[in-house]
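**Student:** Residue numbers (my numbering): -16 to 906.
The C-beta atom is built at its ideal place from N, Cα and C for all residues, glycine as well.
The model shown is predicted, which means the values in this text are computed figures rather than measured ones.
Dumping the structure here so I can ask a few things about it.
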């Protein structure tokens, strides 16, 4: 597909600028190779008919052979949409296992199988006709190795086998593509990115590393040069719209984002759709990448836009629109509609016309500054929406006639911590980690190429796997057809290569630390191009067969409870716990016993005995008491005397229970004898009650009021927290009396932060502090003092940090540190750590007539120095200790022809500096 491009107009005398679109981007005619037969499906979808089938036999009871071409698949330049065949007869519903078929085909192609057995899947010829296989190929644009179509075998109506053929150089090209995909993965770390950032990262990678295959389009060599597939995009760095769309589809699919490839016959073009936070958006990396290719330029007019916005932008420069859009090769959710415009304004990429780069959570871009002749280099964090201008400059893009092009034509390129950028006459770099950004000029085209005013550095970026820059007199970079060779196009600019390593090729690596069962190892890789290194972690060894020790008793068994024994694997430290059986009591040791039922004159008693070893019990009987002298109680009136009759009183022996009865004389009522009364209405804490009294003599009654109850001892409930205590404020708990309903409030004390214990240790040029994590802390404040000084806070860190390296120390000084956890204005308790810092000696070695002479610079605070030596296969051993005044020593024991390694440590009592850098010498 040929694309429109942006063209730039000169302003004479620096009056104003005008951005003209659509002067050279044209409809992508011919670049997207549609299949010959297309039908419009309900909902606006378009499908391509399958090719005719060739069958050996028409008798469905016989084995037949059929052929289905793949010319309409995405990788071959086809539309990639499958539609069911309509032959006028209703087909039976398909029952084949589509998931299993895809698994077999994908695994088979990856293993370069030519024949795949599908006899158990229930696949039929109708399924083949309806695109069962072609839809799988379309969904895997990473497969570029298939040659032509495929052959299938049937038995009756069932498909039994599928046979593929591969291109001659298929394995080599597939390996190259796989390596390129690994390179994309190594360059783009999507961990921690939002969904829209992931899409942006892949958009920037494609627009900044892929050149639209313009010459292949004109020369009719798109297919021959992989212009329709991912190999062209990622290996040859050149393709047409289909290569961009397939690669973006693959990357989004691997990132787990619902996506699809869309295409339009109206404008003969393919692009992508992606779903973010429940909404669908369109991305057209092809039309955001200018033609002819301009390294470093990347537009964002078609990035995460609605269908209406995309269509409106299309109609600015084209007579046809995209309303005939076809959606194919879908992954994840099914596309519905794209109407949301969230990302079309107010985002940091809006209006940016140069490639944007990502590193360690930040996006780097170049944009227009305060005027049409100034620019800003920005560092932006998407999660916080915070932008920092790293560097600002001015750049006037003059023309040979004396005018200038207003706007930003500078480009940036990020590699490691170096950000490269261009001005009209120079290529520069800045260190993005520096607090004081000062550009370094690397190339000046006026001095290096004797380039005249009006010729400027208009392009800078990756092209065909190299980092290049163009020098020309206009930002409208182009090529023109050679008058004598119609397939050749001449550059109207001067192209130069900037030599830096833009694609690391790592060696096999060297293990720098072997992994164990308890700790990980490390492996160091070196780029064979530039020598840069990286360290990767080797996983801990997996202990597949534990070697248990003899175990340790954790809880000793008793006669009542079981014990436990803990075993530890000698390899990996894994532990297991086994139960030790309870002790068995073979001979009971009975205690003195406890009387459980006292004996009386009427009943026997019991005594319970318990074994002091195992707790088992037994019960013995105690004989009844014998009554020898009655002890009569006060008696009980059995018949009350009245004013008419005598009564009776019954007495009982309190020992044996024997009884006797005596007569009570008749009563004479001379004064009422009121009984204890009967409560007729119970008093409460709120109301009075009543009690009725009866004269026990004559039966007369009276009623008295009972006072309301007084709650003298409240029965408080467990209380309810009405305000929780925090680290900065007390809380409140409300209690209610369960008896009378009274309430009270009690203050809950503020929460306290745990004491922080700090430890200190020597490091090269610094002191490292570590401390325990305090629950509830918002962060930590680090304090330092000297012997005579007061504590000063030198650093405040977040709660997740439990270490700090103090690089501002001086050799010979003793420092005292403490760390306080804080939450608001609440500080925790702390402990103090003291350490004497001694700087590692700076050592030089040389050969002398007597041996090897070592010299070093004085380390303040040192009382002596210890020299260590080792051979290449040995270990360091101390060979000499000298006083603080001695700053050199000759090793006279060194043998000629032998290689030695030396280090020196400065010592003050028990304090040792870190070792000096190792020095190697051969005597």
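For residue 443, name the three-state secondary structure that DSSP assigns.
**Tutor:** Note: residue 443 maps to strand in three-state DSSP.
**Student:** Work out the CA separation of residue 452 and residue 444 for me, nearest whole Å.
**Tutor:** The straight-line gap from Cα to Cα measures roughly 7 Å.
**Student:** Enumerate in chain order the residues of its own chain whose CB-to-CB distance from residue 636 is below 7 Å, with the five nearest sequence positions on each side excluded.
**Tutor:** For residue 636, where only same-chain residues beyond five positions count, the Cβ hits under 7 Å are 610, 613, 614 and 615.
**Student:** With distances taken Cα to Cα, identify the nearest neighbour of residue 324 among 262, 822 and 308.
**Tutor:** Residue 262 is the option with its Cα nearest to residue 324.
**Student:** Note down the Cα distance separating residue 897 from residue 767, rounded to an integer number of angstroms.
**Tutor:** Their backbone Cα atoms lie some 21 Å apart in a straight line.
**Student:** From which residue to which residue does the beta strand (DSSP E) around residue 287 run?
**Tutor:** Here the beta strand (DSSP E) through residue 287 covers 286 to 288.
**Student:** Excluding sequence positions up to five away, which residues of its chain have a Cβ less than 8 Å from the Cβ of residue 644?
**Tutor:** So the list reads 621, 631, 632, 633 and 634, once near-sequence residues are dropped.
**Student:** Under a three-way DSSP split, which group does residue 623 fall into?
**Tutor:** In the structure shown, residue 623 sits in coil (DSSP, three-state: anything other than H, G, I, E or B).
**Student:** So, residue 138 versus residue 108, is the Cβ gap smaller than 8 Å?
**Tutor:** Not in contact: residue 138 and residue 108 (Cβ atoms no closer than 8 Å).
**Student:** With DSSP as the reference, label residue 904 as helix, strand or coil.
**Tutor:** Three-state result, residue 904: strand.
**Student:** Keeping to the same chain, check which residues put their C-beta closer than 7 Å to that of residue 786; ignore five residues upstream and five downstream.
**Tutor:** For residue 786, where only same-chain residues beyond five positions count, the Cβ hits under 7 Å are 751, 752 and 753.
**Student:** Which one or two residues does DSSP pair with residue 454 in a beta bridge?
**Tutor:** According to DSSP, residue 454 bridges with 440 and 477.
**Student:** Measuring CB to CB, does residue 871 end up less than 8 Å from residue 838?
**Tutor:** Contact: yes.
**Student:** Going by alpha carbons, who is nearest to residue 361 out of 355, 369 and 354?
**Tutor:** Here the closest residue by C-alpha is 369.
**Student:** Along the alpha helix (DSSP H) that carries residue 665, what are the first and last residues, could you check?
**Tutor:** Per DSSP, residue 665 belongs to no alpha helix (DSSP H) and is neither H nor E.
**Student:** Which residue's Cα is closest to the Cα of residue 94: 149, 82, 244 and 470?
**Tutor:** When each option's Cα is compared against that of residue 94, the closest is 149.
**Student:** Drop a sphere of 10 angstroms on the beta-carbon of residue 892, count the other beta-carbons inside from all chains shown, and report buried for 16 or more, exposed for fewer.
**Tutor:** It is exposed - the Cβ of residue 892 has fewer than 16 other Cβ atoms within 10 Å.
**Student:** Run through DSSP, which three-state label would residue 39 get?
**Tutor:** Caution is warranted here: a pLDDT of 39 is assigned to residue 39, below 50, making its placement in the model unreliable, and the coordinate value is therefore given only provisionally. Reduced to three states, the DSSP call for residue 39 is coil.
**Student:** Taking the continuous beta strand (DSSP E) assigned at residue 264, which residues delimit it?
**Tutor:** Run containing residue 264: 262 to 266, per the beta strand (DSSP E) assignment.
**Student:** Below 8 Å between beta carbons: does that hold for residue 843 and residue 782?
**Tutor:** For residue 843 and residue 782, no; Cβs fall outside 8 Å.
**Student:** Can you check which of these residues, 228, 850, 650 and 489, is closest to residue 285 by C-alpha distance?
**Tutor:** The residue with the shortest Cα to Cα distance from residue 285 is 228.
**Student:** Counting beta carbon pairs with one atom in the region 174 to 189 and one in the region 124 to 137, are three or more of them shorter than 8 Å?
**Tutor:** Contact between the region 124 to 137 and the region 174 to 189 is absent, because fewer than three Cβ pairs lie under 8 Å.
**Student:** With a 10 Å radius around its C-beta and 16 neighbouring C-beta atoms as the bar for buried, classify residue 905 as buried or exposed.
**Tutor:** Its Cβ having fewer than 16 others within 10 Å, residue 905 is exposed.
**Student:** If contacts are defined as beta-carbon pairs under 8 Å, then residue 852 and residue 883 qualify, I think. What distance do you get, rounded to the angstrom?
**Tutor:** Indeed, because the Cβ distance is near 6 Å, the residues count as touching under 8 Å.
**Student:** Can you name, in chain order, every residue of its own chain whose Cβ lies under 6 Å from the Cβ of residue 824, other than the five neighbours on each side?
**Tutor:** Counting only Cβ-Cβ distances below 6 Å, and skipping sequence neighbours, we find 839, 842, 887, 889 and 899.
**Student:** Taking residue 749 and residue 790 to be in contact with their CB atoms under 8 Å, please state how far apart those CB atoms are, rounded to whole angstroms.
**Tutor:** About 4 Å; that satisfies the 8 Å criterion.
**Student:** Which parts of the region 797 to 883 are runs of the beta strand (DSSP E), unbroken and 3 residues or longer, counting only runs that do not cross its ends?
**Tutor:** Counting whole runs of 3 or more residues, the region 797 to 883 contains the beta strand (DSSP E) stretches 797 to 806, 816 to 819, 826 to 830, 835 to 839, 847 to 853, 860 to 866 and 871 to 874.
**Student:** Give a yes or no on contact between the region 403 to 411 and the region 370 to 386, applying the rule of three or more CB pairs nearer than 8 Å.
**Tutor:** Yes, they touch.
**Student:** When the distance is taken between beta carbons, is residue 547 closer than 8 Å to residue 532?
**Tutor:** Taking 8 Å as the Cβ cut-off, residue 532 and residue 547 do not qualify as a contacting pair.
**Student:** Can you look up residue 786 in the DSSP assignment and give me helix, strand or coil?
**Tutor:** Strand.
**Student:** Kindly indicate which residue of 90, 57, 146 and 118 has the alpha-carbon position closest to the one of residue 48.
**Tutor:** Comparing Cα-Cα distances from residue 48 to each of 90, 57, 146 and 118, the minimum goes to 146.
**Student:** Sort 555, 425 and 506 by Cα distance to residue 526 and report the nearest one.
**Tutor:** Closest option to residue 526, Cα to Cα, is 555.
**Student:** Per DSSP, what are the beta-bridge partners of residue 129 in this structure?
**Tutor:** Paired residues: 149.
**Student:** Please return the same chain residues whose Cβ sits closer than 6 Å to the Cβ of residue 36, not counting the five positions on each side in sequence.
**Tutor:** Residue placement at residue 36 cannot be trusted, given a pLDDT of 37 that sits under 50; what the coordinates show is reported in the next sentence. Closer than 6 Å at the Cβ level, and outside the excluded window around residue 36, lie 49.
**Student:** What did DSSP end up calling residue 678 once you bin it into helix, strand or coil?
**Tutor:** The answer is strand: DSSP assigns residue 678 an E or B state.
**Student:** Taking only three categories from DSSP, how would you classify residue 83?
**Tutor:** Reduced to three states, the DSSP call for residue 83 is helix.
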